[in-house]
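Here the sequence shown is numbered in the numbering used here, starting from -5 and rising by one per residue. Note that the Cβ used here is the ideal one computed from N, Cα and C, for glycine as well. As the structure is a computational prediction, the values presented were derived from the model and not from experiment. A short worksheet on the structure shown next.
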Amino acid sequence: QKEGGILRKIVCLALGLLPFGAGFGMNQWILSHPETPVPYQGIGFAMLLSWAIVGFILCNKTISPLETALRLNALGFLVLLALFVQTGSGAFWGNGLGYATQLFFLPVLNIAVTLLPSARQLSVLYAGCFVLLLLFSFTGARTRRRRDTRFAHLFPEE
């Protein structure tokens, strides 16, 4: 029981790296194909849908949808704090960590810009990205919990 819980937490944190992987891949594509239009909104919606699916998969009877979403987005929260420090100081860090933090929210940044058109500060847009990821992972986890509750009578515990 305890080992499964620890493993689940590790998996949750590891899956929390998915936005970074998507952002890194997106950045590489943009840099290597500058003449090709990028479907930013399509990538953003795919990332959010993926995030909801991950929340759905990770939620179970022993962990609440909110706890699932919080665990899944723990790394994103740390990235958000680092971005707040960078935007507050007026300069992004010129090292790998500064680069990585900028890529983390890249897949959903266009959607945040669309939803927050009057946002004048980059930190507000990054916060919007974080909230989007948190909401979609919570929605996926909540959907799983509702499905499991609604159909529990069909699958009785042994």
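Three-state secondary structure (DSSP) of residue i
{"i": "Asn67", "result": "coil"}
{"i": "Asn89", "result": "coil"}
Beta-carbon proximity of residue i to residue j, cut-off 8 Å
{"i": "Phe98", "j": "Gly134", "result": "no"}
{"i": "Cys6", "j": "Arg65", "result": "yes"}
{"i": "Val32", "j": "Trp45", "result": "no"}
{"i": "Ser117", "j": "Leu77", "result": "yes"}
Spatial neighbours of residue i in its chain, beta-carbon cut-off 7 Å, leaving aside the 5 residues before and after
{"i": "Ala63", "result": "Gly49, Leu128, Ser131, Phe132, Ala135"}
{"i": "Leu126", "result": "Leu42, Val102, Ile105, Ala106"}
{"i": "Arg138", "result": "Phe50, Cys53"}
{"i": "Pro59", "result": "Cys53, Phe132, Ala135, Arg136, Arg139"}
{"i": "Val20", "result": "Looking at the sequence provided, one finds Met at residue 20 rather than Val. Within the same chain, Met20 has close Cβ partners Ile37, Leu100, Pro101."}
6 Å CB neighbourhood of residue i in its chain, flanking five on each side removed
{"i": "Ala113", "result": "Leu119"}
{"i": "Tyr93", "result": "none"}
{"i": "Gly17", "result": "Leu97, Phe98, Leu100, Pro101"}
{"i": "Val165", "result": "In the structure displayed, the chain extends from -5 to 152; residue 165 sits before or after that span and is not available."}
Nearest-angstrom Cα separation, counted from residue j out to residue i
{"i": "Gln(-5)", "j": "Gly38", "result": "No answer about Gln(-5) holds up, because its pLDDT of 47 lies below 50 and its placement is not dependable."}
{"i": "Glu152", "j": "Lys55", "result": "Only weak support exists for where Glu152 lies, its pLDDT of 46 falling under 50; the coordinates are left without a value."}
{"i": "Gly15", "j": "Gly82", "result": "25 Å"}
{"i": "Asp142", "j": "Lys3", "result": "21 Å"}
{"i": "Pro13", "j": "Gly88", "result": "21 Å"}
{"i": "Pro28", "j": "Ala68", "result": "33 Å"}
Expected contact under 8 Å - CB spacing of residue i and residue j to nearest Å
{"i": "Gln80", "j": "Thr95", "result": "7 Å"}
Contact set for residue i: own chain, Cβ-Cβ below 8 Å, skip 5 residues either direction
{"i": "Leu9", "result": "Val48, Leu52, Leu66"}
{"i": "Leu35", "result": "The residue asked about is misnamed: residue 35 is Gln in this sequence, not Leu. Excluding sequence neighbours, Gln35 sits near Asn104, Ile105, Thr108."}
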